[in-house]
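Working notes, beginning with the structure itself.
In our numbering, the protein residues as written are 75 to 681.
Here is the structure:
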């Protein structure tokens with residue numbers, strides 16, 4: 075992948091209008107395990123300048139004023155902890171916050187608007203959480219002056235005459251109330267180990283408890299503790315808790331995670347209703363949901379852990395199409411080296427390869443739940459997507475294929491070697507990512523195939539020296555996908571690989587899985603709720619229906635178009651194709667196009 079930051083620096087520097095920033099990733103920097111190459115090889119240090127010195131904590135401090143921008147320290151650092159980046163000089167006036175010397179920088183802010191859902195779309199670790207902290211009043215921006223304690227008086231003076239001034243003034247005066255739905259809902263049980271009913275009653279500041287419980291479909295969860303809830307149930311409880319607060323502005327950080335498509339749309343509708351009377355800001359990586367939910371979207375670009383820039387607001391369709399193209403025409407900025415393309419029709423319509431695994435009719439009874447699957451088969455080289463509502467048996471079926479549990483009735487047929495990535499990841503390895511790979515896959519880790527087809531696209535190199543127990547949700551997901559793909563197997567069972575990945579990482583993961591299957595001649599079965607992900611990765615589909623938590627029915631695999639039509643007919647929604655990018659877009663319920671497609675039986679692919 076080209077180094078776009080270096081490219082931008084060189085192009086701007088050549089005409090004398092670049093702002094140079096030096097960033098040290100303090101988590102990656104390990105001076106006790108290196109020879110201080112950044113200091114040793116810096117040409118300015120060799121001439122006697124203090125371009126790089128060692129700070130009180132033993133880690134390097136880089137002078138941006140003295141740095142020549144040669145980039146030697148970037149390439150010499152064994153842990154890739156140093157970044158020297160060139161940015162347009164005018165951005166200096168837009169600096170909102172800097173986390174210390176050589177720390178992360180955020181440029182520009184979005185502004186919430188009543189009557190509209192404002193979306194934030196961009197990679198992980200690029201400043202979205204910092205934005206929420208500033209707009210909610212939890213963080214006073216320092217405008218780049220990190221050596222002094224920030225104060226609201228300076229901030230208001232800086233933003234005087236702008237659209238953000240009134241919002242920031244209300245924050246400074248403490249006359250605005252905020253509510254936040256956090257990203258990592260799996261941490262909620264550690265904070266609130268109590269029954270859902272009691273938790274929601276505590277949060278109800280508006281007398282809307284019964285209405286929110288119904289809209290979030292939480293009737294079956296009220297008598298259970300938070301520790302007993304699934305990921306999807308936890309997500310809906312957390313969203314409900316945020317909505318019950320009496321606030322002026324609501325922030326929803328990844329509200330669709332763990333939810334099926336039906337639940338995602340239900341939550342999206344409720345959030346849209348809220349935006350009619352309140353200010354709403356949403357961070358969402360499911361592009362189909364963001365397209366359905368958002369009104370205006372701010373694209374964010376930059377470099378992970380180094381800097382983040384807010385672009386001008388765009389209408390939601392334009393924003394997502396621009397994001398997929400990787401190029402912002404108005405800013406003349408390319409933030410991805412390739413565009414993301416969708417196919418207008420299913421990539422394959424039939425299979426002539428040999429059958430890899432076949433199964434007859436199966437039944438599994440588990441804690442009052444009954445799953446019945448009809449007979450089916452998978453072929454060599456085939457990628458089968460699995461779709462359906464939560465609690466209809468998708469994960470149960472995957473676990474039967476993986477041999478984790480046995481069917482109550484029926485036979486799985488000839489057994490094959492499987493590699494399994496479960497839905498919920500619980501790291502228990504006390505060591506680095508590198509040590510984990512060496513222990514799990516041995517020599518396969520050193521192969522060129524692993525490096526070029528798995529590690530490089532999933533961007534694993536910067537994680538290798540990190541402790542597994544310290545990884546974020548997205549980092550852990552990428553490591554788990556890689557471990558699954560590089561294990562020797564006939565079929566790869568991957569449950570919800572898109573969870574905690576940003577939009578670009580999801581598309582890259584989908585393409586990586588497809589490419590590995592095509593080049594290795596192996597097969598995969600992928601469970602996911604992100605329609606874009608399923609569209610990119612799948613050759614065919616298994617469809618699960620029934621009554622959630624009581625009875626599930628699995629059918630297929632079907633050809634992709636037929637499978638999507640079966641699935642979406644059960645959900646009651648239709649998709650159209652964007653004429654420019656061919657990406658799926660959700661039709662508004664009861665719109666002319668929605669009614670026409672339902673009458674034609676074309677829920678996914680328009681004629």
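All C-beta atoms, glycine included, are put in the ideal place defined by N, C-alpha and C.
These figures come from a predicted structure and were not determined experimentally.
Would you call the CB atoms of residue i and residue j closer than 8 Å?
i	j	result
residue 569	residue 478	no
residue 262	residue 203	no
residue 341	residue 333	yes
residue 364	residue 390	yes
residue 300	residue 268	yes
residue 180	residue 382	yes
residue 260	residue 308	yes
residue 241	residue 185	yes
residue 475	residue 599	yes
residue 368	residue 193	yes
residue 631	residue 452	yes
residue 328	residue 287	no
residue 116	residue 151	no
residue 323	residue 182	no
residue 462	residue 618	yes
residue 343	residue 253	no
What are the start and end residues of the alpha helix (DSSP H) that includes residue i?
i	result
residue 285	283 to 289
residue 232	226 to 232
residue 659	Note, residue 659: premise wrong, no alpha helix (DSSP H); beta strand (DSSP E) at 658 to 660.
residue 598	Here residue 598 belongs to no alpha helix (DSSP H); instead the beta strand (DSSP E) covers 597 to 601.
residue 275	270 to 277
Spatial neighbours of residue i within its chain, please: CB distance less than 6 Å, with the 5 preceding and 5 following residues excluded, ordered by chain position.
i	result
residue 91	The predicted position of residue 91 is uncertain, since its pLDDT is 44 and thus under 50; no value can be drawn from it.
residue 543	501
residue 79	In this prediction, residue 79 scores a pLDDT of 43, lower than 50, which makes its location untrustworthy; no coordinate-derived value is stated.
residue 136	96, 126 and 176
residue 538	507 and 508
residue 581	414
Could you tell me the boundaries of the beta strand (DSSP E) in which residue i lies?
i	result
residue 154	Run containing residue 154: none; DSSP gives neither H nor E here.
residue 208	From DSSP, residue 208 is part of no beta strand (DSSP E) but of the alpha helix (DSSP H) over 202 to 209.
residue 171	169 to 172
residue 253	252 to 255
residue 606	First-last for residue 606: 605 to 611, but that is the alpha helix (DSSP H), not the beta strand (DSSP E).
residue 616	614 to 621
residue 436	436 to 440
residue 327	323 to 327
residue 352	Looking at the DSSP string, residue 352 is not in any beta strand (DSSP E), and its letter there is neither H nor E.
residue 495	492 to 495
Using CA coordinates, which residue listed in the options is at the minimum distance from residue i?
i	options	result
residue 316	336, 282 and 293	282
residue 531	266, 410 and 129	410
residue 566	588, 618 and 628	588
residue 608	632, 458, 660 and 475	458
residue 156	442, 121 and 112	112
residue 250	211, 239 and 264	211
residue 273	256, 297, 253 and 529	297
residue 405	663, 665, 244 and 387	387
residue 243	226, 103, 172 and 550	226
residue 437	99, 236 and 626	626
residue 552	575, 541 and 562	575
residue 658	549, 618 and 678	678
residue 213	196, 173, 199 and 431	173
residue 370	586, 601, 593 and 189	189
residue 198	592, 585, 642 and 573	573
residue 402	196, 345 and 101	196
Near residue i, what residues of its chain come up, given a Cβ to Cβ distance below 8 Å and the 5 sequence neighbours on each side ignored?
i	result
residue 676	639 and 648
residue 421	With a pLDDT of 49 at residue 421, under the threshold of 50, the modelled position of this residue cannot be trusted; read the value that follows with caution. So the qualifying residues of the chain are 613 and 634.
residue 519	511, 512 and 560
residue 595	454 and 455
residue 534	507, 528, 552, 553 and 556
residue 470	438, 440, 443, 445, 479 and 626
State the CB to CB distance for the pair residue i and residue j, rounded to an integer number of angstroms; the pair is presumed to be in contact (CB under 8 Å).
i	j	result
residue 169	residue 217	6 Å
residue 95	residue 124	Going by Cβ atoms, the distance from residue 95 to residue 124 rounds to 18 Å, so no, they are not a contact pair.
residue 121	residue 395	Residue 121 to residue 395, Cβ: 50 Å. No contact.
residue 362	residue 605	5 Å
residue 448	residue 628	7 Å
residue 485	residue 434	6 Å
residue 348	residue 355	Going by Cβ atoms, the distance from residue 348 to residue 355 rounds to 11 Å, so no, they are not a contact pair.
residue 550	residue 610	The pair is not a contact, with the Cβ atoms about 22 Å apart (cut-off 8 Å).
Taking 7 Å as the limit between beta carbons, can you name the residues of its chain near residue i, skipping five residues before and five after?
i	result
residue 439	482
residue 166	93
residue 662	668
residue 650	659, 661, 667 and 680
residue 275	283
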